[in-house]
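These notes are about the structure you will find just below.
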Amino acid sequence: MAQYSAEISRRRTFAIISHPDAGKTTLTEKLLLFGGAIHVAGAVKSNKIKKTATSDWMEIEKQRGISVATSVMAFDYADHKINILDTPGHQDFAEDTFRTLTAVDSVIIVIDIAKGVEAQTRKLMEVCRMRKTPVIVFVNKMDRDGKDPFDLLDEIEEELHIKVRPLSWPIDMGQRFRGVYNIYEQKLNLYTPSKQYVTENVEFKDINSPELENYIDPSQAAKLREDVEMIEGVYPAFDVDTYLAGDIAPVFFGSALNNFGVKELLDCFINIAPSPRPVQALERKVDPYEDNFTGFVFKIHANMDPNHRSCIAFVKICSGRFERNANYKHVRFGKMMRFSSPTAFMAQKKEVVDEAFAGDIVGLPDTGNFKIGDTLTAGEDLHFKGLPSFSPEMFKYIENADPMKAKQLNKGIEQLMDEGVAQLFVNQFNGRKIIGTVGQLQFEVIQYRLLHEYGAQCKWEPISLYKACWIESDNQQALDNFKRRKQQYMALDKEGRDVYLADSSYVLMMAQQDFPDIKFHFTSEF
Ligand code: G4P
Numbered sequence: 076m077a078q079y080s081a082e083i084s085r086r087r088t089f090a091i092i093s094h095p096d097a098g099k100t101t102l103t104e105k106l107l108l109f110g111g112a113i114h115v116a117g118a119v120k121s122n123k124i125k126k127t128a129t130s131d132w133m134e135i136e137k138q139r140g141i142s143v144a145t146s147v148m149a150f151d152y153a154d155h156k157i158n159i160l161d162t163p164g165h166q167d168f169a170e171d172t173f174r175t176l177t178a179v180d181s182v183i184i185v186i187d188i189a190k191g192v193e194a195q196t197r198k199l200m201e202v203c204r205m206r207k208t209p210v211i212v213f214v215n216k217m218d219r220d221g222k223d224p225f226d227l228l229d230e231i232e233e234e235l236h237i238k239v240r241p242l243s244w245p246i247d248m249g250q251r252f253r254g255v256y257n258i259y260e261q262k263l264n265l266y267t268p269s270k271q272y273v274t275e276n277v278e279f280k281d282i283n284s285p286e287l288e289n290y291i292d293p294s295q296a297a298k299l300r301e302d303v304e305m306i307e308g309v310y311p312a313f314d315v316d317t318y319l320a321g322d323i324a325p326v327f328f329g330s331a332l333n334n335f336g337v338k339e340l341l342d343c344f345i346n347i348a349p350s351p352r353p354v355q356a357l358e359r360k361v362d363p364y365e366d367n368f369t370g371f372v373f374k375i376h377a378n379m380d381p382n383h384r385s386c387i388a389f390v391k392i393c394s395g396r397f398e399r400n401a402n403y404k405h406v407r408f409g410k411m412m413r414f415s416s417p418t419a420f421m422a423q424k425k426e427v428v429d430e431a432f433a434g435d436i437v438g439l440p441d442t443g444n445f446k447i448g449d450t451l452t453a454g455e456d457l458h459f460k461g462l463p464s465f466s467p468e469m470f471k472y473i474e475n476a477d478p479m480k481a482k483q484l485n486k487g488i489e490q491l492m493d494e495g496v497a498q499l500f501v502n503q504f505n506g507r508k509i510i511g512t513v514g515q516l517q518f519e520v521i522q523y524r525l526l527h528e529y530g531a532q533c534k535w536e537p538i539s540l541y542k543a544c545w546i547e548s549d550n551q552q553a554l555d556n557f558k559r560r561k562q563q564y565m566a567l568d569k570e571g572r573d574v575y576l577a578d579s580s581y582v583l584m585m586a587q588q589d590f591p592d593i594k595f596h597f598t599s600e601f
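The sequence shown begins at 76 in this note's numbering and counts up one residue at a time.
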């Protein structure tokens, strides 16, 4: 048995994802309250604002009233160590969220009962499906009127392409919301609007018992019985393994704002959600219970202080135990490094830690040694996979606006790309640099940071592109032929891989038809 198995198996590392405004922040905050990590509601939000205010380059985001700070919040709850990885809500930073999803073992998706499945949720779920990440759905805002719960479940199945299984069921909604029947625990959780939390928690194994009417209105009781009968008839019995395989998503209902249904969600979560799972490296699969430490960088957070170019590299520990001041191999550099002040994140506080275990995230202060995807090990040459870049959606030429500062500009672009702020493609025909992003905001962030951190000025020039596709072929001749024919549209990404820049969906479709030997990929890992 591995040395650290007790520590590792009690860890639950996950992210909460949602379309903006569905209630991710509110739910996170309530979970932290249960863990005793914070003591007053509102702390997470006010912290968000404070963080933004202390950082210069985040001024842009502050003005727009959004936060791009992604952090880790950890707390202990019922003998478990919970690590919540926060993800930026703004869709322009979706790439950041995609990468964070590579560092979690499971996900909670928050859906607004009134709005249903929204665009951002759909996209994030695609990434979960690709990685077979187990998903729990929390349907939020039951204190408001919204869609019929059965319709919503159908919508989730259809839009998110995942089977669902309700583990709790709402008793009415909006003004008439009376609580939920917790199918998983066979309990009745009652809600009184004025009290705004679970006012009564009644063990209730048989909802056909006439006692139900002692708690809720007869019409609501009749409806609940009918609904639960329908659920048992229509949905398969809940099976943890199917959930762990990413094939079925248990669904809970509640109201994060009113702290209703949150504890029930958390209690079920720690029971069924996976402890750290094996991670695939290029060379082999790494088991979390191996004694030796391994980990990878999934996020780099620029320092708030623009005068000192230092960052924090966020490392997900994939196996074993990480120790402060031990020697670890930076595989890309092939050299050993020591980290004297690794930080962990207990709720809001960042503190230096002496050790951390598989499942945990440690922050390593860095002055430019790391880039996204880097692997650290106890000595083995391993390369973790699974940090794909997705085809950006917006493209612009980046040009130097101050000829005296060309060097600074190039260095700035390189480092910002290593940090994963956006993607760089160099057109092989004319040598021009193209930056690809998920949203307009990133162009502004890049321009601002180049100026404030590197003293370089850039300007943007338009380029009309539809998609960047990574291409490959088993047929070298066909590949060479394609590259020759499309030479004006061929670029290299940061790793030197061939990328075809398609300027319209039509052109891409024609290329796919005309060059059947070429495989076109919309992510950099295939
Ligand atoms: P996000 O992180 O997913 O973007 O959402 P966030 O938690 O910030 O919640 C978005 C809005 O929805 C907030 O209102 C929040 O108070 C509200 N909300 C969250 N959960 C519930 C719920 O269960 N019921 C109801 N009725 N509302 C909920 P806001 O007005 O935008 O912000 P605030 O001024 O209340 O902080």
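C-beta atoms are modelled at their ideal positions from N, C-alpha and C, and glycine is treated no differently.
The structure presented is a predicted model; accordingly, all values stated were derived computationally and were not measured.
Candidates the options, of which the one nearest residue i by Cα
i: Asn402; options: Met411, Ala81, Arg396, Pro224; result: Met411
i: Ala348; options: Glu233, Arg85, Pro417, Lys105; result: Arg85
i: Lys486; options: Arg413, Ala531, Lys471, His458; result: Ala531
i: Val513; options: Phe414, Phe344, Asn400, Gln195; result: Gln195
i: Lys216; options: Ile237, Ala431, Arg197, Ile188; result: Ile188
i: Pro95; options: Gly110, Gly511, Lys198, Met148; result: Lys198
i: Lys262; options: Phe328, Arg253, Gln250, Ser243; result: Ser243
i: Lys280; options: Arg300, Ser294, Pro268, Gln295; result: Arg300
i: Glu193; options: Asn283, Glu230, His596, Phe328; result: Glu230
i: Phe465; options: Ala81, Phe109, Phe168, Lys222; result: Phe168
i: Leu265; options: Gly329, Arg219, Leu227; result: Gly329
i: Lys561; options: Ala577, Glu570, Leu108, Ser294; result: Ala577
i: Val185; options: Lys99, Thr598, Asp342, Glu82; result: Lys99
i: Tyr318; options: Pro285, Arg204, Ala331; result: Arg204
i: Ala553; options: Lys542, Gln522, Ala586; result: Ala586
i: Thr208; options: Val179, Glu233, Glu275; result: Val179
Neighbour-count burial assignment, residue i, 16 or more Cβ in a 10 Å radius
i: Phe427; result: This sequence places Val at residue 427; Phe is not what is there. Exposed, by the Cβ-count rule.
i: Gln490; result: buried
i: Asp429; result: exposed
i: Met248; result: buried
i: Tyr256; result: buried
i: Ala320; result: exposed
i: Ile141; result: Note that Ile141 has pLDDT 35, beneath the 50 cutoff, so the model's placement of it is unreliable and the number below is only indicative. It counts as buried.
i: Ile581; result: The sequence shown places Tyr at residue 581, not Ile. Its Cβ having fewer than 16 others within 10 Å, Tyr581 is exposed.
i: Gln517; result: buried
i: Phe373; result: buried
i: Ala153; result: exposed
i: Leu526; result: buried
i: Gly395; result: buried
i: Thr442; result: exposed
Coil, strand or helix - residue i by DSSP
i: Gln250; result: helix
i: Asn346; result: helix
i: Ser84; result: helix
i: Gly110; result: coil
i: Pro95; result: coil
i: Val179; result: coil
i: Phe465; result: strand
i: Gln261; result: coil
i: Ala118; result: With a pLDDT of 49 at Ala118, under the threshold of 50, the predicted position of this residue should be treated as unreliable, and no value is reported.
i: Leu493; result: One point to set straight first is that residue 493 is Asp, not Leu, in the sequence displayed. Helix.
i: Arg240; result: strand
CB contact flag (residue i, residue j, <9 Å)
i: Tyr259; j: Pro325; result: yes
i: Phe459; j: Cys386; result: no
i: Thr418; j: Val437; result: yes
i: Ile323; j: Ile237; result: yes
i: Glu547; j: Asp589; result: no
i: Gly511; j: Gln498; result: yes
i: Thr103; j: Asn158; result: no
i: Tyr472; j: Lys508; result: yes
i: Ile291; j: Ile345; result: no
i: Val337; j: Lys156; result: no
i: Thr450; j: Leu457; result: yes
Near the ligand G4P: residue i beta-carbon under 8 Å from a heavy atom
i: Gly220; result: The sequence shown places Asp at residue 220, not Gly. Incorrect: Asp220 has no Cβ contact closer than 8 Å to the ligand G4P.
i: Phe168; result: no
i: Lys99; result: yes
i: Asp96; result: yes
i: Ser243; result: no
i: Lys198; result: no
i: Lys216; result: yes
i: Asn485; result: no
i: Gly191; result: no
i: Ser330; result: yes
i: Asn333; result: yes
i: Leu451; result: no
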